[in-house]
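Residue numbers (my numbering): 1286 to 1762.
1) Could you tell me the alpha carbon to alpha carbon distance between residue 1478 and residue 1716, rounded to whole angstroms?
2) Only counting the same chain, and skipping five residues up and downstream in sequence, which positions put a Cβ closer than 7 Å to that of residue 1521?
3) Measure how close the beta-carbons of residue 1491 and residue 1500 come, nearest whole angstrom, since I'm counting them as under 8 Å.
4) Count Cβ pairs between the segment 1648-1668 and the segment 1528-1541 that sit closer than 8 Å; are there 3 or more?
5) So is residue 1757 buried or exposed if we call it buried at 16+ other beta carbons inside 10 Å?
6) Where do the N-terminal and C-terminal ends of the alpha helix (DSSP H) with residue 1362 fall, by residue?
7) I'd like to know whether the C-beta atoms of residue 1699 and residue 1648 end up nearer to each other than 8 Å.
8) At which residues does the alpha helix (DSSP H) containing residue 1608 begin and terminate?
9) Within 10 angstroms of the Cβ of residue 1746, are there 16 or more other Cβ atoms? Answer buried if so, exposed if not.
10) Could you check where the alpha helix (DSSP H) with residue 1729 kicks off and where it finishes?
11) Please name the residue in 1496, 1539, 1601 and 1502 whose C-alpha comes closest to that of residue 1508.
12) Please return the same chain residues whose Cβ sits closer than 6 Å to the Cβ of residue 1467, not counting the five positions on each side in sequence.
13) Taking the beta carbon of residue 1730 as the centre, do at least 16 other beta carbons fall within 10 Å, making it buried, or is it exposed?
14) Residue 1461 bridges to which residues according to DSSP?
15) Return the chain-ordered list of same chain residues with a C-beta closer than 8 Å to the C-beta of residue 1592, the five sequence neighbours on each side being excluded.
16) Okay, do the segment 1673-1683 and the segment 1360-1378 touch, 3+ Cβ pairs below 8 Å being the bar?
17) Note down the Cα distance separating residue 1430 from residue 1452, rounded to an integer number of angstroms.
18) Check this for me: beta carbons of residue 1412 and residue 1488, under 8 Å apart or not?
19) Using 10 angstroms around the beta-carbon of residue 1671, count the other beta-carbons present and answer buried if the total reaches 16, otherwise exposed.
20) In the DSSP assignment, what residue or residues form a beta bridge with residue 1482?
21) Which residue's Cα is closest to the Cα of residue 1470: 1454, 1476, 1692 and 1481?
22) So residue 1762 and residue 1673 are supposed to be a Cβ contact under 8 Å. How far apart are they, rounded?
23) Could you work out which residue in 1340, 1341, 1736 and 1510 is closest to residue 1810 when comparing CA atoms only?
24) Using C-beta distances below 6 Å, list every residue in its chain close to residue 1388, excluding the 5 sequence neighbours before and after it, in chain order.
25) Evaluate residue 1380 with the Cβ neighbour count: other Cβ atoms within 10 Å of its Cβ, from every protein chain shown; 16 or more gives buried, anything less gives exposed.
26) Can you check which of these residues, 1676, 1570 and 1557, is closest to residue 1576 by C-alpha distance?
27) Out of 1710, 1594 and 1743, point me to the one whose CA is closest to residue 1344's CA.
28) Nearest by alpha-carbon distance to residue 1332: which of 1724, 1653 and 1725 is it?
29) By the DSSP assignment, the alpha helix (DSSP H) with residue 1533 in it spans what residues?
30) Among the candidates 1396, 1695, 1636 and 1464, whose CA atom is the shortest distance from the CA of residue 1408?
31) Taking only the alpha-carbon atoms, compute the straight-line gap between residue 1660 and residue 1398 and give it to the nearest angstrom.
32) Between 1738, 1685, 1624 and 1651, which has its C-alpha nearest residue 1547's C-alpha?
33) Indicate the three-state DSSP secondary structure (helix, strand or coil) for residue 1455 in the structure shown.
34) What distance in whole Å lies between the Cβ atoms of residue 1524 and residue 1618, which are believed to be in contact at a cut-off of 8 Å?
35) Would you grab the beta carbon distance between residue 1690 and residue 1555 for me? Rounded to a whole angstrom, and I think it's under 8 Å.
36) Figure out for me which residue from 1612, 1342 and 1337 has the closest Cα to the Cα of residue 1352.
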């Protein structure tokens, strides 16, 4: 009995000590959060995601619900998290059936690791394909009206004079198959290395991918087929980007470069499956989806082979219902944006000034304001995404040669920079740019060409100290 009493007392002591330690840790974290928030207010630096912003600079930074969600919103976000994390399997399983038979990954989270950018490897690297715009549509595809091509392949912009889907492949190669089904193709990526020099003589290395694509029959993919390698982009903060008024984006466009600053961003115009109309594009590396519901639905059917109400089977049956699709959409709509850090660091402040002087901010626009949205938490927020949501010619070095609606083979949407300083914390060795070729932020900048060539040259000719300051600023985002 005495031994039992002694053990019980020791257990209580251990319990209280544990609680004391946890309380201390919580206090430290809370004080850090408050310090950063107070510092942001003192320096008059608005929060990256407005009221949705969270103060988290850990490996879970991209996985946080918006800070201003109410109890109902938190519950809906949690339901969406379940849908986003769900791993699909082959029918007739009782839980999450519907995978494939051809696919790239079995879950949303399998591509978007911790909601961040992916790696250029199997299961995450996607290969978009298209025939030449002059190619005759093959008899084996779906009904050959322009509208039907949109229905089955929303990114194949036939009616705008661009590229139709490839017979047997559609517009994306599925490199995995369930038991009994051969993948459409195997994709091997080799890297071509090239060396360059900064203005001060410092050398650097750049790499670009070379894809070897072998079809299921052992034949190589025809060189006439246009291909584009893509890694998954981050998914946090997307609800805020969806809430930016269309007119705001259109007002930023300058397709004829009338102000003669060398920057001629223009919007993409894409197919809206629900509206059955051409509308403003917002999401994807070339802005080929108009909203997050369609972006999610397209990912389900293209990446996982999971049919849904937007993209059903030919007999209209689906693998998931609308509530599941909506849950996954709500999840990405209500993900928070991590706050900036190192706000009082002189080197960061100098780097931000250099960023502006190099004219990087002409495309990576710091401040925008949201408008209407079904989620009130996203409405009328002043945000700092560092994007204009427009297409820009990035030069031959980054060109994939594959049109996507109004986007040409050299154009890409300005990627938001918020949270980019956490990319390697969230997923070490993850790549930058559309195909993950850039291993560092310096490499990403050096790949900028076309409209960004002048800014790239400014960076290239900076002193090592200034280059370091600019990159430190990016890492503070």
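Don't be surprised by glycine CBs; every beta carbon is placed ideally from N, CA and C.
Reading it off the structure:
1) Note on geometry: alpha-carbon atoms of residue 1478 and residue 1716 lie some 15 Å from one another.
2) Residues 1347, 1400, 1620, 1621, 1622 and 1704 of the same chain have their beta carbon placed closer than 7 Å to that of residue 1521, with the five preceding and five following residues left out of the count.
3) No, residue 1491 and residue 1500 are not in contact; Cβ-Cβ is about 30 Å, not under 8 Å.
4) Counting C-beta pairs closer than 8 Å gives three or more between the segment 1648-1668 and the segment 1528-1541, which meets the contact rule.
5) Classification of residue 1757: buried, given that the 10 Å Cβ count is 16 or more.
6) Residue 1362 -> alpha helix (DSSP H) spans 1356-1370.
7) For residue 1699 and residue 1648, yes; Cβs fall inside 8 Å.
8) Note, residue 1608: alpha helix (DSSP H), 1607-1618.
9) With fewer than 16 Cβ atoms within 10 Å of its Cβ, residue 1746 is classed as exposed.
10) Where residue 1729 is concerned, the enclosing alpha helix (DSSP H) stretches over 1726-1731.
11) Ranking 1496, 1539, 1601 and 1502 by Cα distance to residue 1508 puts 1496 first.
12) Hits under 6 Å: 1501.
13) Buried.
14) Paired residues: 1388.
15) Within the same chain, 1383, 1585, 1586, 1598, 1602, 1603, 1604 and 1605 come within 8 Å of residue 1592 by CB-CB distance, once the 5 residues on both sides are set aside.
16) Judged by Cβ distances under 8 Å, the segment 1673-1683 makes no contact with the segment 1360-1378, as fewer than three pairs qualify.
17) Note on residue 1430: pLDDT 44, under 50, position unreliable in the model; no value is reported.
18) By the CB criterion at 8 Å, residue 1412 and residue 1488 fall outside the cutoff.
19) Its Cβ being crowded by 16 or more others within 10 Å, residue 1671 is buried.
20) In the DSSP assignment, residue 1482 forms a beta bridge with 1488.
21) In terms of Cα proximity to residue 1470, the closest of 1454, 1476, 1692 and 1481 is 1454.
22) The beta-carbon separation of residue 1762 and residue 1673, rounded to 16 Å, does not stay under the 8 Å limit for a contact.
23) With the chain represented from 1286 up to 1762, any question about residue 1810 goes unanswered, as that position is not in the structure.
24) Answer for residue 1388: 1459, 1461, 1589 and 1590, listed in chain order.
25) Its Cβ having fewer than 16 others within 10 Å, residue 1380 is exposed.
26) It is 1557.
27) Residue 1710 is the option with its Cα nearest to residue 1344.
28) The option with the nearest alpha carbon to residue 1332 is 1653.
29) 1531-1537 is the span of the alpha helix (DSSP H), which, as asked, contains residue 1533.
30) Nearest neighbour of residue 1408 by Cα position, chosen from 1396, 1695, 1636 and 1464, turns out to be 1396.
31) Approximately 25 Å, taken between the alpha carbons.
32) With distances taken between Cα atoms, residue 1547 lies closest to 1738.
33) Strand.
34) With a Cβ gap of about 3 Å, residue 1618 and residue 1524 count as contacting.
35) Between residue 1690 and residue 1555 a beta carbon distance of about 5 Å is seen, short of the 8 Å cut, so the two are scored as contacting.
36) Residue 1337 is the option with its Cα nearest to residue 1352.
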